[in-house]
Ligand code: SF4
Ligand code: MG
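Numbering (the UniProt record's numbering), first residue to last: 6 to 333.
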């Protein structure tokens with residue numbers, strides 16, 4: 006398998022200023038992540054909101070600059086590139102955002118939105134660019150005749166199709182899908198996911214698919230990584246992860262019963278309390294404050310991410326005594 010993106014020791018910290026009774030401090034949004042994304046795969050990246058998964062995706066695109074670590078894209082060290090050298094790189098990596106409402110400029114036509122990258126990269130004459138845009142609209146299931154319309158004239162699902170077409174315009178290799186269906190009705194979610202899968206097949210795309218919901222990434226992913234407070238706690242082939250979840254946190258996420266009542270929190274067996282503040286995360290294993298299996302050493306040391314076999318990686322002392330020397 007060819008590695009398209011290689012992350013090593015990635016760290017992205019945010020300084021938080023004191024405000025409204027909150028103490029100042031540092032949030033380690035991404036706290037020592039090693040991860041490979043293989044060419045042509047969909048890697049699902051799952052965790053509760055605030056666990057660092059969006060930040061991790063943004064570091065790959067250099068929308069965030071990490072404090073430490075490596076981002077290697079197809080053999081190129083992305084973080085050391087000059088701004089100019091980054092431009093052709095940018096076209097190979099695109100992002101689809103969660104909220105199609107706020108990520109589309111309401112004053113631009115669909116043609117301008119989808120064609121923006123073509124304009125920036127000076128591709129073709131205007132009429133040629135519009136032909137490319139019409140073809141992209143057709144590809145994502147929009148009517149090319151609607152090229153002069155504005156985003157508010159489209160439904161939520163159609164707006165996300167506009168976002169997908171925009172991401173495709175420059176023939177990317179990698180698309181970071183950041184909660185692309187989380188704002189959509191459940192009935193529309195499957196349509197957009199199926200569209201993404203068809204496009205992946207046709208254009209040989211690689212996806213990093215970020216979601217807070219393990220059930221959403223199940224269908225589309227080849228492998229799944231679970232993140233908790235800045236660290237990967239489990240990473241496995243999809244079938245291994247869903248059939249044999251090995252980290253206590255993954256087990257909790259999988260057991261979380263969806264509830265029919267909007268606004269009601271899903272019941273979580275095997276977990277205590279709320280997600281701790283990322284500002285002062287628990288020492289040792291970050292999950293120790295909520296884990297029903299917690300042992301003394303879990304409070305003092307961070308477990309290392311250890312391969313249980315066939316690339317099924319788990320960060321938990323129930324599976325290995327190995328301590329992560331680079332984490333506190
Ligand atoms: Fe639970 Fe300890 Fe494993 Fe952390 S290392 S998940 S606290 S058993
Ligand atoms: Mg997010």
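Cβ coordinates follow ideal geometry from the N, Cα and C atoms, glycine included.
{"Item": "Supposed contact pair residue 186 and residue 52 - C-beta distance, whole angstroms, cut 8 Å", "Value": "That belief does not hold up - the Cβ atoms of residue 52 and residue 186 are roughly 16 Å apart, past 8 Å."}
{"Item": "Check: residue 56 C-beta below 7 Å from any heavy atom of ligand 1", "Value": "no"}
{"Item": "Residue 126 Cβ short of 7 Å to ligand 1 heavy atom set", "Value": "no"}
{"Item": "Alpha carbon of residue 118 to alpha carbon of residue 149, nearest angstrom", "Value": "14 Å"}
{"Item": "In chain order, each beta strand (DSSP E) run of at least 3 residues that lies wholly inside the stretch 204-292", "Value": "211-216, 228-233, 236-242"}
{"Item": "Residue 322 Cβ short of 7 Å to ligand 1 heavy atom set", "Value": "yes"}
{"Item": "Given 8 Å, three or more beta-carbon pairs between the stretch 46-62 and the stretch 210-226", "Value": "yes"}
{"Item": "Bridge partner(s) assigned by DSSP for residue 75", "Value": "13"}
{"Item": "Cα-Cα separation between residue 29 and residue 155, rounded to whole angstroms", "Value": "42 Å"}
{"Item": "Cβ pair count under 8 Å reaching 3, the stretch 56-73 against the stretch 9-20", "Value": "yes"}
{"Item": "Extent of the continuous beta strand (DSSP E) run through residue 300", "Value": "Per DSSP, residue 300 belongs to no beta strand (DSSP E) and is neither H nor E."}
{"Item": "Reference residue 165; option with closest CA among 142, 178, 176", "Value": "142"}
{"Item": "Separation of residue 229 from residue 310, as counted between CA atoms", "Value": "15 Å"}
{"Item": "Close beta carbons around residue 153, own chain, < 6 Å, minus the five adjacent residues each side", "Value": "114"}
{"Item": "Residue of 54, 41, 55, 122 minimising C-alpha distance to residue 65", "Value": "41"}
{"Item": "Stretch pair the stretch 89-103 + the stretch 162-182: three plus CB contacts closer than 8 Å", "Value": "yes"}
{"Item": "For residue 108, the nearest candidate out of 139, 94, 157 (CA to CA)", "Value": "157"}
{"Item": "Assigned exposure category for residue 300 - 16 Cβ within 10 Å defines buried", "Value": "exposed"}
{"Item": "Segment contact, 8 Å Cβ cut-off, at least three pairs: the stretch 313-329 with the stretch 243-259", "Value": "yes"}
{"Item": "For residue 314 and residue 245, the rounded distance between their alpha carbons", "Value": "11 Å"}
{"Item": "Segment contact, 8 Å Cβ cut-off, at least three pairs: the stretch 231-242 with the stretch 190-209", "Value": "no"}
{"Item": "Simplified DSSP state of residue 125, which is helix, strand or coil", "Value": "helix"}
{"Item": "heavy atom of ligand 1 below 7 Å from residue 317 C-beta", "Value": "no"}
{"Item": "Residue burial classification, residue 184 (beta-carbon count within 10 angstroms, cutoff 16)", "Value": "buried"}
{"Item": "Neighbourhood of residue 161 by C-beta distance below 8 Å, restricted to the same chain and skipping five residues each side", "Value": "105, 106, 188, 189, 190, 193"}
{"Item": "Simplified DSSP assignment, three categories, for residue 152", "Value": "coil"}
{"Item": "Other residues of its chain near residue 135: CB distance less than 8 Å, five sequence neighbours each side excluded", "Value": "116, 120, 152"}
{"Item": "Member of 317, 82, 331 whose CA lies at the smallest distance from the CA of residue 307", "Value": "331"}
{"Item": "Sequence-distant residues of its chain with Cβ nearer than 7 Å to residue 111 (five each side left out)", "Value": "155, 156, 157"}
{"Item": "Cutoff 8 Å; reference residue 62; Cβ partners in own chain excluding five residues on either side", "Value": "50, 100, 181, 183, 213, 215"}
{"Item": "Between the CA atoms of residue 133 and residue 145 - distance to the nearest angstrom", "Value": "19 Å"}
{"Item": "Cβ neighbour criterion (16 or more within 10 Å) applied to residue 139", "Value": "buried"}
{"Item": "CA nearest to the CA of residue 218, picked from 260, 32, 277, 249", "Value": "260"}
{"Item": "Other residues of its chain near residue 298: CB distance less than 7 Å, five sequence neighbours each side excluded", "Value": "253, 323"}
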